[in-house]
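*Asks:* Residues 6 to 296 (the working numbering) are what the sequence shown spells out, left to right.
No residue lacks a Cβ here, since even glycine has one placed at the ideal position from N, Cα and C.
Keep in mind the model is a prediction, meaning the values are calculated, not measured.
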Amino acid sequence: MTKNYFVLVEQPLYLSMLRLAWAHFVAGTYSDAMHWDANEKTRFHVVRRTDGKLMDTVYLSKGFFVFHHINAYEEDEHLVVDMCCYDEGEVINSLYVKALEELFSNPKLPSYPFVSRGKRYVLPLRKFGDNIDEKQNLVSLLNSEAKAYRLSGGSIFLQPETLSGSDPWCPELPRINYDYNGRKYKYYYALARKDETVDNVHLVKVDTVSRTTISWSEENVVPSEPVFIAEPNSVNEDSGVILTSLLYKDDETKVSMLVLNAKTMKEIGRVTFATNASVPGDFHGTFISKA
Numbered sequence: 006m007t008k009n010y011f012v013l014v015e016q017p018l019y020l021s022m023l024r025l026a027w028a029h030f031v032a033g034t035y036s037d038a039m040h041w042d043a044n045e046k047t048r049f050h051v052v053r054r055t056d057g058k059l060m061d062t063v064y065l066s067k068g069f070f071v072f073h074h075i076n077a078y079e080e081d082e083h084l085v086v087d088m089c090c091y092d093e094g095e096v097i098n099s100l101y102v103k104a105l106e107e108l109f110s111n112p113k114l115p116s117y118p119f120v121s122r123g124k125r126y127v128l129p130l131r132k133f134g135d136n137i138d139e140k141q142n143l144v145s146l147l148n149s150e151a152k153a154y155r156l157s158g159g160s161i162f163l164q165p166e167t168l169s170g171s172d173p174w175c176p177e178l179p180r181i182n183y184d185y186n187g188r189k190y191k192y193y194y195a196l197a198r199k200d201e202t203v204d205n206v207h208l209v210k211v212d213t214v215s216r217t218t219i220s221w222s223e224e225n226v227v228p229s230e231p232v233f234i235a236e237p238n239s240v241n242e243d244s245g246v247i248l249t250s251l252l253y254k255d256d257e258t259k260v261s262m263l264v265l266n267a268k269t270m271k272e273i274g275r276v277t278f279a280t281n282a283s284v285p286g287d288f289h290g291t292f293i294s295k296a
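1. Classify F70: buried if its beta carbon has 16 or more other beta carbons within 10 angstroms, exposed otherwise.
2. Return helix, strand or coil for F278, following the three-state DSSP convention.
3. Whole angstroms are fine: how far does the CA of F49 sit from the CA of E1?
4. Tell me whether the beta-carbon of E166 lies closer than 8 angstroms to the beta-carbon of K124.
5. Quick test of the definition: if touching needs 3 or more C-beta pairs under 8 angstroms, does the segment 75–91 touch the segment 182–198?
6. Below 6 angstroms CB to CB, which residues in the same chain sit around A153 once its five sequence neighbours on both sides are set aside?
7. Are S222 and G290 touching if we call contact CB-CB under 8 angstroms?
8. With DSSP as the reference, label W4 as helix, strand or coil.
9. Applying the criterion that 16 or more other CB atoms from any shown protein chain within 10 Å of the CB defines a buried residue, is P285 buried or exposed?
10. Using the three-state DSSP reduction, which class does G245 fall into: helix, strand or coil?
11. Restricting to Cα atoms, I'd like to know which of E80, G245, K271, A26 is closest to L147.
12. Which of the three DSSP states, helix, strand or coil, is assigned to H73?
13. In chain order, which continuous runs of the beta strand (DSSP E) of length 3 or greater are located wholly inside the segment 10–37?
14. For G158, does the count of other Cβ atoms within 10 angstroms reach 16, so buried, or fall short, so exposed?
15. Going by C-alpha distance, which of N98, V102, I97, H74 is nearest C89?
16. Give the single residue among R53, D256, L105, D172 whose Cα lies nearest to the Cα of D212.
17. Can you list, in chain order, the residues of its chain with a C-beta nearer than 6 angstroms to that of T7? Leave out the 5 residues immediately preceding and following it.
18. Who are the near neighbours of R131 in its chain, counting only those whose CB is closer than 6 angstroms to its CB and skipping five residues on each side?
19. State the Cα-Cα distance for the pair G57 and K271, rounded to the nearest angstrom.
20. Straight-line CA distance for D37 to R24?
21. Based on DSSP bridge pairs, tell me the residues matched to D172.
22. Just the C-alpha distance for D135 and D287, rounded to the nearest angstrom, thanks.
23. For F278, count neighbouring Cβ atoms within 10 angstroms of its own Cβ and tell me buried if that reaches 16, exposed if not.
24. Can you check which of these residues, K259, D256, V232, is closest to T249 by C-alpha distance?
25. Can you check DSSP and say which residues form a bridge with G123?
26. Between which two residues does the beta strand (DSSP E) containing E257 stretch?
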């Protein structure tokens with residue numbers, strides 16, 4: 006969501022009513038009715054917030070799957086949409102307990118379905134005439150490597166850029182300074198892996214302007230989704246701290262709360278608890294000030 010638009014990303018992951026009916030008779034599950042169409046494109050539906058009407062322009066891209074959006078904003082008649090993207094929907098099947106047990110029993114096993122990338126799609130908003138060359142890049146934002154081309158039928162085909170540049174980070178559970186939600190921003194924080202294995206999970210800070218990344222990690226520790234807390238009355242976007250909980254691979258009853266400097270990703274401090282039972286991992290967290 007931006008100041009003037011809602012953006013709905015339609016992925017080529019469908020619910021088959023035929024499969025759903027069949028699952029009822031064979032004791033199948035809801036997920037058995039899901040179908041990923043590898044030959045279909047992803048479509049971006051852009052809705053005006055002023056009147057709730059869908060824009061006439063059809064925006065398409067190569068098919069991809071997404072769990073989490075990072076941010077979106079408008080700039081110079083362009084709509085910028087940042088997400089953690091997967092090349093295909095196979096990642097859903099890889100989240101079954103059996104698949105996860107197999108993957109984590111061999112941390113060096115290539116985890117292809119889990120390979121995500123922080124990507125930026127840029128949607129040009131201005132109107133173009135029918136005489137536009139199909140080879141002409143319609144994205145005119147400075148320092149943007151994203152591309153958009155007008156197809157013969159009038160739709161616009163998008164090609165994204167990678168937010169971490171050439172670094173092979175695989176990010177998920179992204180968070181930002183939410184004072185910049187729907188606005189032009191510079192940084193996002195996420196859990197990430199450096200390569201295509203699950204051996205070590207990092208906390209990363211990605212600079213979407215310079216395309217650079219700084220990270221924090223520790224052996225035998227699994228961090229949770231990073232939560233950004235802004236410094237009171239701060240001026241800079243990254244003035245604040247990152248909160249994350251830590252689980253320990255060698256002690257299931259041990260858990261910590263880690264505080265990082267959001268500028269440098271250096272540890273400020275942590276508090277550690279000993280519990281009476283195993284502590285499960287979590288997906289999402291939030292911070293609510295006392296005030």
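*Replies:* In short, the structure shows the following:
1. As a first step, residue 70 is located in the sequence shown; it is residue number 65 there, counting from the start. Result: buried.
2. Within the sequence shown, the letter at position 273 stands for residue 278. If DSSP states are grouped into helix, strand and coil, F278 belongs with the strands.
3. Because residue 1 is not part of the residues shown, which for the chain are 6 to 296, the question remains open.
4. To locate residue 166, count along the sequence shown from 1; it is residue 161. To locate residue 124, count along the sequence shown from 1; it is residue 119. Contact: yes.
5. yes
6. Position 148 of the sequence shown, counted from the start, is the residue given in the question as residue 153. Counting only Cβ-Cβ distances below 6 angstroms, and skipping sequence neighbours, we find P129, L143, V144, I161, L163.
7. Reading the sequence shown from its first residue, position 217 is the one you call residue 222. Reading the sequence shown from its first residue, position 285 is the one you call residue 290. Contact: no.
8. The structure shown does not extend to residue 4, since the chain spans only 6 to 296, so no value can be given for it.
9. Along the sequence shown, one-based indexing puts residue 285 at 280. The residue in question, P285, is exposed, as its Cβ has fewer than 16 Cβ neighbours within 10 Å.
10. Position 240 of the sequence shown, counted from the start, is the residue given in the question as residue 245. Looking at G245 - three-state DSSP - the assignment turns out to be strand.
11. Reading the sequence shown from its first residue, position 142 is the one you call residue 147. Comparing Cα positions, the closest option is E80.
12. Here residue 73 corresponds to residue number 68 of the sequence shown, with the count starting at 1. It is a strand residue.
13. 10–15, 18–20
14. By 1-based counting over the sequence shown, the position of residue 158 is 153. Counting Cβ neighbours within 10 Å, G158 comes out exposed, since fewer than 16 surround it.
15. Residue numbering aside, residue 89 sits at position 84 when the sequence shown is read from its first letter. Out of N98, V102, I97, H74, H74 has the C-alpha closest to the C-alpha of C89.
16. The residue you call residue 212 lines up with position 207 of the sequence shown. Here the closest residue by C-alpha is D172.
17. Working through the sequence shown from its first residue, we reach residue 7 at position 2. If we look at T7 and ignore the five residues flanking it on each side, its Cβ neighbours are A77, Y78, E79, G187.
18. Against the sequence shown, residue 131 aligns to sequence position 126. The answer, listed in chain order, is E82.
19. Position 52 of the sequence shown, counted from the first residue, corresponds to residue 57. Position 266 of the sequence shown, counted from the first residue, corresponds to residue 271. Taking the straight line joining both Cα atoms gives about 44 angstroms.
20. In the sequence shown, residue 37 corresponds to position 32, counting from 1. In the sequence shown, residue 24 corresponds to position 19, counting from 1. Whole-angstrom Cα-Cα distance: 7 angstroms.
21. By one-based count along the sequence shown, residue 172 stands at place 167. Looking at the DSSP assignment, D172 forms no beta bridge with any residue, so it has no partner.
22. Against the sequence shown, residue 135 aligns to sequence position 130. Against the sequence shown, residue 287 aligns to sequence position 282. Rounded to whole angstroms, D135 to D287 spans 50 angstroms at the Cα level.
23. As a working note, residue 278 is residue 273 in the sequence shown. Label assigned to F278: exposed.
24. For the purposes of this step, residue 249 is taken as residue 244 along the sequence shown, with counting starting at 1. The option with the nearest alpha carbon to T249 is V232.
25. What you label residue 123 is simply residue 118 of the sequence shown in a count that begins at 1. Under DSSP, the beta-bridge partners assigned to G123 are C89.
26. Residue mapping note: residue 257 aligns to position 252 of the sequence shown, counting from 1. Counting along the chain, the beta strand (DSSP E) containing E257 begins and ends at 256–266.
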